[in-house]
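The structure appears right after this line, and notes come after that.
2 protein chains.
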Amino acid sequence: MNKQQNILIIGAGLCGSLLALRLGQRGYNVTIMEMRPDLRKVTISAGRSINLALSDRGIKAMKLVGLEEKVKPLCIPMNGRMLHDLEGNTVLAPYSGRTHEFINSVSRGQLNGLLLDEAEKHENVSIHFNKKCKSVDFENTTALFMDCDTNKEFVEDADVIFATDGAGSALRQSYYLEKKFLFSFSQEYLSHGYKELSILPAENGAYKTYKNALHIWGREAFMLIALPNLDGSFTVTLFLSYDEGEYNFNNLTTKERVLEFFGKYFKDALELMPNLVEDFFENPTSPLGTVKCSPWHYKGNTLLMGDAAHAIVPFYGQGMNASFEDVTEFDNILDKGYADWETVFKAYEKSRKKDTDAIADLAIDNFHEMKGHVNHANFREKRTLEMAFEKEFPNDYSSKYSLVTFNEDINYREAMLKGRAQDKAILNMLADGEVSTSLDLKDKEVLKPILEKVKKATEAILEDDRIAGLYS
Amino acid sequence: MNKQQNILIIGAGLCGSLLALRLGQRGYNVTIMEMRPDLRKVTISAGRSINLALSDRGIKAMKLVGLEEKVKPLCIPMNGRMLHDLEGNTVLAPYSGRTHEFINSVSRGQLNGLLLDEAEKHENVSIHFNKKCKSVDFENTTALFMDCDTNKEFVEDADVIFATDGAGSALRQSYYLEKKFLFSFSQEYLSHGYKELSILPAENGAYKTYKNALHIWGREAFMLIALPNLDGSFTVTLFLSYDEGEYNFNNLTTKERVLEFFGKYFKDALELMPNLVEDFFENPTSPLGTVKCSPWHYKGNTLLMGDAAHAIVPFYGQGMNASFEDVTEFDNILDKGYADWETVFKAYEKSRKKDTDAIADLAIDNFHEMKGHVNHANFREKRTLEMAFEKEFPNDYSSKYSLVTFNEDINYREAMLKGRAQDKAILNMLADGEVSTSLDLKDKEVLKPILEKVKKATEAILEDDRIAGLYS
Chain A
1 MNKQQNILII GAGLCGSLLA LRLGQRGYNV TIMEMRPDLR KVTISAGRSI
51 NLALSDRGIK AMKLVGLEEK VKPLCIPMNG RMLHDLEGNT VLAPYSGRTH
101 EFINSVSRGQ LNGLLLDEAE KHENVSIHFN KKCKSVDFEN TTALFMDCDT
151 NKEFVEDADV IFATDGAGSA LRQSYYLEKK FLFSFSQEYL SHGYKELSIL
201 PAENGAYKTY KNALHIWGRE AFMLIALPNL DGSFTVTLFL SYDEGEYNFN
251 NLTTKERVLE FFGKYFKDAL ELMPNLVEDF FENPTSPLGT VKCSPWHYKG
301 NTLLMGDAAH AIVPFYGQGM NASFEDVTEF DNILDKGYAD WETVFKAYEK
351 SRKKDTDAIA DLAIDNFHEM KGHVNHANFR EKRTLEMAFE KEFPNDYSSK
401 YSLVTFNEDI NYREAMLKGR AQDKAILNML ADGEVSTSLD LKDKEVLKPI
451 LEKVKKATEA ILEDDRIAGL YS
Chain B
1 MNKQQNILII GAGLCGSLLA LRLGQRGYNV TIMEMRPDLR KVTISAGRSI
51 NLALSDRGIK AMKLVGLEEK VKPLCIPMNG RMLHDLEGNT VLAPYSGRTH
101 EFINSVSRGQ LNGLLLDEAE KHENVSIHFN KKCKSVDFEN TTALFMDCDT
151 NKEFVEDADV IFATDGAGSA LRQSYYLEKK FLFSFSQEYL SHGYKELSIL
201 PAENGAYKTY KNALHIWGRE AFMLIALPNL DGSFTVTLFL SYDEGEYNFN
251 NLTTKERVLE FFGKYFKDAL ELMPNLVEDF FENPTSPLGT VKCSPWHYKG
301 NTLLMGDAAH AIVPFYGQGM NASFEDVTEF DNILDKGYAD WETVFKAYEK
351 SRKKDTDAIA DLAIDNFHEM KGHVNHANFR EKRTLEMAFE KEFPNDYSSK
401 YSLVTFNEDI NYREAMLKGR AQDKAILNML ADGEVSTSLD LKDKEVLKPI
451 LEKVKKATEA ILEDDRIAGL YS
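Shown next, in the form of structure tokens:
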């Protein structure tokens, strides 16, 4: 396709800036319009996902654009989940039995800034801030913007428009409201919302709790998590129902009640958070939504990517990774050399949508897993067994978590189907007493036949489902 | 609750008129506003679901309002599916092994007319036609209407508003657009659309093909069905992709191509349809969409019911039955004597939504079953076995179809879970050669152990899923 074409990207967030960089590297003329100010010049507003988990799928995209080495210094490895019980006891549950497999806590602002810096190095890429998209005329491939400095509206014409404008995408709203084609669309909210809080660094700048883990206080009906930042602080997130249960966002309205709630359920965290009350009442409570839709593209004119196409809840730590993988996958499709954008968009959606649907569903699974299952005996036994498999037979087994997080060459849908079947196999074998973690799991001779049994049961589950037509 | 309250119902379709009748019987002051003219006085427009399947859940609602005997004369029993192959050979596949279990073809217009007649007999019920709802102010419990005769807008105030205004509900759209609360919403379109056609009566008024069946010409990628009408005609529906395959709605643009398509795939039907081409080009092509949403109610002010809350595709013949069952279920909740509408609405949604979600998913399952599976050897063997179970052990077995259609006291979700598990059990036992239809299935001694095996396998499947947490 003609590289002299003008490509308009709406939104310079993580996905938009990576896409701009990659299309810039490929030689296209790229203009990005971003509604917010340049995050490299102003302080990012507190309270909305300050840090994120970067894992292998995201890192693969960083490699694609040659940024792996520049991203590393921004990362804090997290080797596992640090589980905090009601009494403040902790246990580290590793993410994988293979020690080289871990996830990373990374600052959204720093990573986004790096991508913008790199994109701007290309003279065929230009970035404009404070330009808010109001709607997209997808028939005529133009977009209506408001300049937030002057409050004046203007229309931007392009040969092709990519909307990477997040969960509240203006292009997606135009698809829905215009009713010019059959647009399948869903937005699903969890009963829970979230609020960001913080554990500040100690006076000497040190981390107040263990640095290299994702901390979880899972309390069945709600949970608290914490991810480390480079400055010694942790960003803490409370996930809580809006209106159910004794304590919920709607009834935590006084300082006393907030302190009572944290004192009762997150005592050890509260001790690290003298700033809790200020954070709690200053920071917004935000909803947890999943967005799916189809088609993503209108002819060869417009395409939704990233959260605009598939917003997911944060519980698998895959939101950013999935959006980055969108760019990797789109780049693969471009490599096929199709003659026109419509063919490219169609091929991209066909290959990609099944996977973003899968990670959306997996993320909701993990909400329940993190809140409660991590504390259940059968779940912990399953993890013990899986850690042993991964440690002793590193080339023969990957848990669902590992398939999703550390196996960037297996797509999300395949990871979901295989991972769920494995979970079902192991949980049932444990329930039926067919396997036990009381054996010596460090003895390969003991472990090997158990692994073989799990693999066989997993295959049988997948085969039974296939025969029943469950994957049609 | 105070019966002097003014209840406004938006939409006098099947659900709205039944709801009005029932609330009228209970003594409420009810006003219905309907956007269309009175269907008892004008001819219903051709081409949009002229007849429908009425089965046990719908009949239960008719019993509730005392109309069972008045509905019967409007019904044509359909005992099974008449399957037509490419050569025009037919085989009748019964819906159940119990001969008293059948579904009914009923005219939408006649049934709706009866419900309106009965509702109007109550002096506390008033019905107004040609009043189109534009939006609902759910905070203030008022609705904006346009009088289609005068083109004037007016606002209707009420104590409580029920929206039974179908898949394109104005209240649901107000919930979505106003963003005053977190509204989970999905609209999903199949790749296929539908078009209504007809087989007219013979010159002597007789039915041109077998009367007491639902005729199916399943062709994998598309299908044709026909349901009988009281006047000797059949309403025929073509389900076909908009844009995929050699023949699709987008490319069937000439008389010649339509005749070629029908001649090739529906030869025996074509012979009964000299009027095909006129019908084809006069009647609209309509989309097949599923709508789910939540919450259905806003406080105690407004409630979505029927298609407005849960539009489903027509492949289980349960659309009308589900909407009627909404009224039965709502009536049950009213019997509990809660003190306010908000509690009633909350209890109703909590009890009902899981079931309307289930029938929505079942209806999509059946799309694939009707198009293709009915022709597959393993599917037919499964049905053969199930018919034998139902015939020889009528109190011991019900197929998924029977659970959904003839067991009005089992809710849709339970029917789905059990029905799917049974299907999976039987299909796998057939695939593994554990059961066979070559045995003498009329011999109870032969059949009994097979049934026991199926039941055991079904229980094991449900138990395995429970352990894996799949129903959480």
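So the sequences go chain by chain: A and B.
Terminal number for the first sequence in full-length UniProt numbering: 472, no gaps in between.
Terminal number for the second sequence in full-length UniProt numbering: 472, no gaps in between.
Note that beta-carbon positions come from the ideal geometry of N, C-alpha and C, so glycine has one too.
According to the Cβ coordinates, are A:S186 and B:F185 closer than 9 angstroms? yes
Does DSSP put A:K167 in a helix, a strand or coil? With the sequence shown as reference, residue 167 of chain A is identified as Ala, and Lys is not the correct amino acid for it. Here A:A167 sits in coil by DSSP.
In whole angstroms, what separates the C-alpha of B:G47 from that of B:E196? Confidence in B:G47 is poor, its pLDDT being 49 and thus under 50, which makes the residue's placement unreliable; the coordinate value appears in the next sentence. One C-alpha to the other measures close to 5 angstroms.
Can you confirm whether B:F185, when its beta carbon is compared against all beta carbons of chain A, has any partner nearer than 9 angstroms? yes
Would A:I7 and A:F162 qualify as a contact pair, given that the criterion is a beta-carbon distance under 9 angstroms? yes
Which residues DSSP lists as bridging B:D157, in chain order: B:T142
Distance between B:E414 and A:A431 (C-alpha atoms, nearest Å): 24 angstroms
At the 9 angstroms Cβ level, is B:R420 part of the contact set with chain A, yes or no? yes
State the DSSP-derived secondary structure class of A:D307, mapped to helix, strand or coil. helix
For a test of the three-state rule: what should DSSP assign to B:L8, helix, strand or coil? strand
Here's the rule I'm using: 16 or more other beta-carbon atoms within 10 Å means buried, otherwise exposed. How should B:G306 be labelled? buried
The segment 109-126 of chain B in contact with the segment 20-28 of chain B per 3-pair CB rule at 8 angstroms: yes
So, under 8 angstroms CB-CB, A:L451 and A:F379 are touching, yes? Tell me the CB distance rounded to an integer number of Å. At roughly 19 angstroms, the Cβ-Cβ gap does not stay under 8 angstroms, so A:L451 and A:F379 are not in contact.
Report yes or no: is there a C-beta of chain B within less than 9 angstroms of the C-beta of A:E153? For A:E153, the answer is no, since every Cβ of chain B falls outside 9 angstroms of its Cβ.
Contact set between A:N428 and chain B, taken where Cβ atoms lie within less than 8 angstroms: Close partners of A:N428 in chain B (Cβ separation under 8 angstroms): D464, I467 and A468.
Could you tell me whether any Cβ in chain B is nearer than 9 angstroms to the Cβ of A:H215? no
Looking at the structure shown, is A:N79 part of a helix, part of a strand, or coil, going by DSSP? coil
Taking only beta-carbon positions, decide if B:D423 is within less than 9 angstroms of chain A. Yes, because at least one Cβ of chain A sits closer than 9 angstroms to the Cβ of B:D423.
N-terminal and C-terminal residue of the alpha helix (DSSP H) that A:H368 is part of: W341 to K371
Contacts of A:A143 in chain B (Cβ-Cβ under 8 angstroms): Simply none; closest approach about 21 angstroms.
In this structure, does DSSP put A:P274 in helix, strand or coil? coil
Assuming contact is defined by CB atoms lying nearer than 9 angstroms, are residue 560 of chain A and A:H297 in contact in what I supplied? Chain A is shown from 1 up to 472; residue 560 of chain A falls before or after that span and cannot be answered.
Helix or strand or just coil, what does DSSP make of A:Y412? A:Y412: helix per DSSP, three-state reduction.
Evaluate contact between the segment 384-403 of chain A and the segment 96-107 of chain A, counting only Cβ atoms and requiring at least three cross-stretch pairs below 8 angstroms. yes
Does A:K195 come within less than 9 angstroms of chain B when only Cβ atoms are used? Not one chain B Cβ lies under 9 angstroms of A:K195.
Of all the CB atoms in chain A, is at least one closer than 9 angstroms to the CB of B:A358? False, the Cβ-Cβ gap to chain A never drops below 9 angstroms.
Simplified DSSP state of A:L200, which is helix, strand or coil: coil
Whole-angstrom Cβ separation of B:F222 and B:K371, contact assumed at under 8 angstroms? 7 angstroms
Using a Cβ cut-off of 9 angstroms, pull out every chain B residue sitting near A:Y316, in sequence order please. Simply none; closest approach about 16 angstroms.
Given B:E68 as reference, the closest of B:L111, B:T31, B:E256 and B:K255 once Cα atoms are compared: B:L111
A:P287 versus chain B: which residues are under 9 angstroms apart at the beta carbon? L182
Locate the beta strand (DSSP E) running through A:V313, then write down its first and last residues. From DSSP, A:V313 is part of no beta strand (DSSP E); its letter is neither H nor E.
I think A:S55 touches A:F406, with their Cβ atoms under 8 angstroms apart; what is that distance to the nearest whole Å? 7 angstroms
Start and end residues, alpha helix (DSSP H) containing residue 474 of chain A: Only positions 1 to 472 of chain A appear in the structure, and residue 474 of chain A is not among them; the question remains open.
Please classify A:S198 as buried or exposed, where buried requires at least 16 other C-beta atoms within 10 Å of its C-beta. buried
Burial state of A:T150 (16 or more Cβ within 10 Å): Residue burial is scored here from C-beta neighbours: A:T150 has fewer than 16 other C-beta atoms within 10 angstroms and is therefore classed as exposed.
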